[in-house]
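Before any comments, here is the structure.
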Amino acid sequence: MEIKKVGVVGCGLMGHGIVQVAAQGGCDVVAFEMDEGALAKGIARIEKSLAKLASKNVEKGKMSEDEAQAWVAETRGRIASSTEKASLADCDLVVEAIVENLDAKKGLFSELGGTCKPETIFASNTSSFPIGEMATASGRPERFVGLHFFNPVQLMRLVEVVRTDETDAEVYDAARAFGSACGKTPVSCKDTPGFVVNRLLVPYMVQAIEMLDRGDASKEDIDAAMQFGCGHPMGPLTLTDYVGLDTTLSILEGWTERYPDEPAFSVPASLRSKVAEGKLGRKTGEGYYAWEGDKKS
Ligand code: CAA
Ligand code: NAD
Numbered sequence: 005m006e007i008k009k010v011g012v013v014g015c016g017l018m019g020h021g022i023v024q025v026a027a028q029g030g031c032d033v034v035a036f037e038m039d040e041g042a043l044a045k046g047i048a049r050i051e052k053s054l055a056k057l058a059s060k061n062v063e064k065g066k067m068s069e070d071e072a073q074a075w076v077a078e079t080r081g082r083i084a085s086s087t088e089k090a091s092l093a094d095c096d097l098v099v100e101a102i103v104e105n106l107d108a109k110k111g112l113f114s115e116l117g118g119t120c121k122p123e124t125i126f127a128s129n130t131s132s133f134p135i136g137e138m139a140t141a142s143g144r145p146e147r148f149v150g151l152h153f154f155n156p157v158q159l160m161r162l163v164e165v166v167r168t169d170e171t172d173a174e175v176y177d178a179a180r181a182f183g184s185a186c187g188k189t190p191v192s193c194k195d196t197p198g199f200v201v202n203r204l205l206v207p208y209m210v211q212a213i214e215m216l217d218r219g220d221a222s223k224e225d226i227d228a229a230m231q232f233g234c235g236h237p238m239g240p241l242t243l244t245d246y247v248g249l250d251t252t253l254s255i256l257e258g259w260t261e262r263y264p265d266e267p268a269f270s271v272p273a274s275l276r277s278k279v280a281e282g283k284l285g286r287k288t289g290e291g292y293y294a295w296e297g298d299k300k301s
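Right under this line is the structure:
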């Protein structure tokens, strides 16, 4: 079972990157969004990122200027965009990357189950929700996996490939092969809360926020401590801004409701209040830090 045509639903922070790496991996891709504005924004991000990667390859001597331009044109040429669900009907794989809201995801998969050809494999990029619940909603649980990419998708080398008890072995193998074609190292995970990375990473981010909320240390010092003491590329509060405070809150609210006895899952007060104020991190220009574009100001 070879995946040649891929649909990506949601072209935001994660979705635009998934569209890009799938096209770089040689797939034809349909980028799907709710409206033309969101779609245009996602496509513009892809074009900017392709241009950046091409110029890096030229600088490093990996490609000539002409080869880099041809690579950009060829990759961009594999990407179509649409706001019509019917355009996803003949995809071999549809990857969902919409907001972290379980009802929205289940509603989407239920609709896609009626729209896509019976062979289409469905995948969710969810950070935290049970894959099995979305698989049931889709009406084709044996053709459903989690494909959890990391932010920024273009640069992070991992994809977690999540199987449920009902996932067909050949569907699972095809999903792993797709992850590899996207240039990622696939790791296998069961359908457990947060899979491998977020089960470890999100409680760590919570501890850092609670440390800040208690006044134990400044945000700059907490971040510097983890950067220079543990060699992390960015500290936990910068990372929370990077992931998005809304996404982090949705993960934690889902977990605390579903697993109330798990002490590692809690919602820090400042996370809730910042999201209520619309301070969602880098994407809105303010979270734990103020941001100007990609840089902290
Ligand atoms: N496309 C193309 N090129 C890009 C790019 C993009 N989207 N983003 C950055 N680049 C380029 C930059 O231009 C830069 O190029 P030069 O070297 O030519 O300047 C290069 O890539 C490196 O970028 P930065 O200078 O910004 O470099 P950095 O060394 O600070 O690395 C980083 C950035 C890779 C994001 C690094 O800080 C990092 O690894 N941070 C941690 C990220 C992380 O933990 N992600 C996981 C989040 S959790 C998650 O994703 C799961 C979930 O469900 C919430
Ligand atoms: P985002 O808010 O940047 O993007 C979501 C996009 O989905 C938006 O562009 C929105 O217009 C679109 N959308 C919403 N509902 C839709 C629908 N019904 N049909 C089509 N498009 C729709 O969010 P994000 O950070 O890209 O997160 C997307 C998913 O990826 C979430 O499940 C999140 O948990 C997961 N994830 C996020 C990160 C991260 O670091 N932010 C990392 C890994 C996984």
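Heads up: take any position in the sequence shown, counting from 1, add 4, and you land on this note's numbering.
We treat Cβ as the ideally placed atom computed from N, Cα and C, and that holds for glycine.
Remember, predicted model here, so these are calculated numbers, not experimental data.
Practice task
Rank M209, A268 and R82 by C-alpha distance to the C-alpha of T242 and give the top, closest one.
Solution key: Residue mapping note: residue 242 aligns to position 238 of the sequence shown, counting from 1. It is M209 whose Cα lies nearest to the Cα of T242.
Problem - Element boundaries [beta strand (DSSP E), containing L162] - result: If you number the sequence shown from 1, residue 162 lands on position 158. From DSSP, the beta strand (DSSP E) with L162 extends over L162 to R167.
Exercise for the section: Kindly identify the DSSP beta-bridge partner or partners of T196. Expected result: The sequence position of residue 196 within the sequence shown is 192, counting from 1. Looking at the DSSP output, T196 sits in no beta bridge, so it has no partner there.
Exercise for the section: Verify whether the separation of the beta carbon atoms of T119 and R147 is less than 9 Å. Expected result: Residue mapping note: residue 119 aligns to position 115 of the sequence shown, counting from 1. Residue mapping note: residue 147 aligns to position 143 of the sequence shown, counting from 1. It is not a contact, given that the beta carbons lie outside the stated cut-off.
Exercise for the section: For F113, count neighbouring C-beta atoms within 10 Å of its own C-beta (all shown protein chains included) and say buried if the count is 16 or more, exposed if not. Expected result: Along the sequence shown, read from residue 1 onward, the residue named residue 113 stands at position 109. Answer is buried; the Cβ neighbour count reaches 16.
Practice task
Tell me where the alpha helix (DSSP H) around G235 begins and ends.
Solution key: In the sequence shown, residue 235 corresponds to position 231, counting from 1. Annotation for G235: no alpha helix (DSSP H) segment contains it, and DSSP assigns it neither H nor E.
Exercise for the section: Using only the heavy atoms of the ligand CAA, determine whether one of them is closer than 8 Å to the beta carbon of I47. Expected result: Along the sequence shown, read from residue 1 onward, the residue named residue 47 stands at position 43. Because no heavy atom of the ligand CAA lies under 8 Å away, the Cβ of I47 does not count as near it: no.
Practice task
Express the C-alpha separation of G198 and A273 in angstroms, rounding to a whole number.
Solution key: Stepping through the sequence shown from its first residue, residue 273 is reached at position 269. Stepping through the sequence shown from its first residue, residue 198 is reached at position 194. Going by the C-alpha atoms only, they are around 21 Å apart.
Practice task
Could you tell me how far apart the beta carbons of V33 and V10 are, in whole angstroms, since I believe they sit closer than 8 Å?
Solution key: Locating residue 33 in the sequence shown gives position 29, where the first residue counts as 1. Locating residue 10 in the sequence shown gives position 6, where the first residue counts as 1. Their Cβ separation, rounded to whole angstroms, is 5 Å, which keeps V33 and V10 in contact under 8 Å.
Exercise for the section: Select from P134, A173 and G183 the residue whose C-alpha is nearest the C-alpha of R203. Expected result: In the sequence shown, counting from the first residue as 1, residue 203 sits at position 199. Checked all of P134, A173 and G183; the closest Cα to R203 is P134.
Practice task
Along the beta strand (DSSP E) that carries S53, what are the first and last residues, could you check?
Solution key: Indexing the sequence shown from 1 puts residue 53 at position 49. Note, S53: premise wrong, no beta strand (DSSP E); alpha helix (DSSP H) at E40 to E63.
Practice task
Return yes when at least one heavy atom of the ligand NAD lies under 8 Å from the C-beta of S128, else no.
Solution key: Counting from one through the sequence shown, the residue named residue 128 turns up at place 124. Yes, since a heavy atom of the ligand NAD falls inside the 8 Å radius drawn around the Cβ of S128.
Practice task
Tell me, please, whether the segment 41-48 touches the segment 92-100 by the rule of three or more beta-carbon pairs shorter than 8 Å.
Solution key: With the cut-off at 8 Å, the segment 41-48 and the segment 92-100 do not touch.
Practice task
Have a look at G19 and N155 and give me their C-alpha separation to the nearest angstrom.
Solution key: What you label residue 19 is simply residue 15 of the sequence shown in a count that begins at 1. What you label residue 155 is simply residue 151 of the sequence shown in a count that begins at 1. Their Cα atoms are separated by approximately 10 Å.
Exercise for the section: Check whether the Cβ of H236 lies closer than 8 Å to any heavy atom of the ligand FAD, and answer yes or no. Expected result: Only the ligand CAA and the ligand NAD can be found as ligands here, which leaves the ligand FAD out of the picture.
Practice task
Could you have a look at A84 and say whether DSSP puts it in helix, strand or coil?
Solution key: Translated into the one-based positions of the sequence shown, residue 84 becomes position 80. Residue state, collapsed to three classes: strand.
Practice task
Tell me whether E104 is buried or exposed, calling it buried when 16 or more other Cβ atoms sit within 10 Å of its Cβ.
Solution key: What you label residue 104 is simply residue 100 of the sequence shown in a count that begins at 1. It counts as buried.
Handout entry: In chain order, each beta strand (DSSP E) run of at least 3 residues that lies wholly inside the segment 87-172
Key = 97-100, 125-128, 148-153 and 162-167
Problem - Sequence-distant residues of its chain with Cβ nearer than 8 Å to M67 (five each side left out) - result: Along the sequence shown, one-based indexing puts residue 67 at 63. Answer for M67: A58, N61 and W75, listed in chain order.
Practice task
With DSSP as the reference, please indicate the residues paired to D32 in a beta bridge.
Solution key: Indexing the sequence shown from 1 puts residue 32 at position 28. Bridge partners of D32: K9.
Practice task
Please find out if some non-hydrogen atom of the ligand NAD comes closer than 8 Å to the beta-carbon of I102.
Solution key: Along the sequence shown, one-based indexing puts residue 102 at 98. Yes, since a heavy atom of the ligand NAD falls inside the 8 Å radius drawn around the Cβ of I102.
Practice task
For the alpha helix (DSSP H) holding M215, just list the boundary residues, first then last.
Solution key: Numbered from its first residue, the sequence shown carries residue 215 at position 211. Counting along the chain, the alpha helix (DSSP H) containing M215 begins and ends at V201 to R218.
Practice task
Return the Cβ separation of A55 and I47 in integer angstroms, given the expectation that the two are a contact with Cβ distance under 8 Å.
Solution key: As a first step, residue 55 must be located in the sequence shown, where it is residue number 51. As a first step, residue 47 must be located in the sequence shown, where it is residue number 43. With a Cβ gap of about 13 Å, A55 and I47 do not count as contacting.
Exercise for the section: Tell me W295's beta-bridge partners as DSSP assigns them. Expected result: Along the sequence shown, read from residue 1 onward, the residue named residue 295 stands at position 291. BP columns for W295 point to K300.
Practice task
Would you check if the distance between the CB atom of L151 and the CB atom of A127 is smaller than 9 Å?
Solution key: Reading the sequence shown from its first residue, position 147 is the one you call residue 151. Reading the sequence shown from its first residue, position 123 is the one you call residue 127. Cβ atoms of L151 and A127: closer than 9 Å.
Exercise for the section: Just the C-alpha distance for A268 and Y246, rounded to the nearest angstrom, thanks. Expected result: Locating residue 268 in the sequence shown gives position 264, where the first residue counts as 1. Locating residue 246 in the sequence shown gives position 242, where the first residue counts as 1. Going by the C-alpha atoms only, they are around 21 Å apart.
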